[in-house]
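Trainee: Got a structure here, written out as structure tokens. Questions coming.
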Amino acid sequence: MKQPGDEFTIDIFNKPGPGRPRKATAKSAAQRAKEYRDRQRARKFNFLRGNRNEAA
């Protein structure tokens, strides 16, 4: 164990794990897929609304 005043020794038990930290608002794969399908569907029928510049 590390002494309270020791600033130079690395503490091996409190090191962060590998990779990015998890987000509290993470979405499931099903939620991301549904949003992707919704965006594709909206983009497909965007020409019907008259927004031709956005459908590029």
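Every position in the sequence shown, counted from 1, becomes a number in our numbering once 1096 is added. All C-beta atoms in this analysis are idealised placements derived from N, C-alpha and C, irrespective of residue type, glycine included.
State the Cα-Cα distance for the pair Ala1152 and Gly1115, rounded to the nearest angstrom.
Mentor: Any reading at Ala1152 must be qualified, since the residue scores a pLDDT of 48, below 50, and its modelled position is unreliable; no value is offered.
Trainee: I need the straight-line Cα distance from Ala1125 to Asp1134, nearest angstrom please.
Mentor: Distance between the alpha carbons of Ala1125 and Asp1134 is about 14 Å.
Trainee: Quick one: Cα of Arg1139 to Cα of Pro1117, how far?
Mentor: Arg1139 and Pro1117: Cα-Cα distance of roughly 33 Å.
Trainee: Could you tell me the alpha carbon to alpha carbon distance between Glu1103 and Lys1119, rounded to whole angstroms?
Mentor: When rounded, the distance between both Cα atoms is 30 Å.
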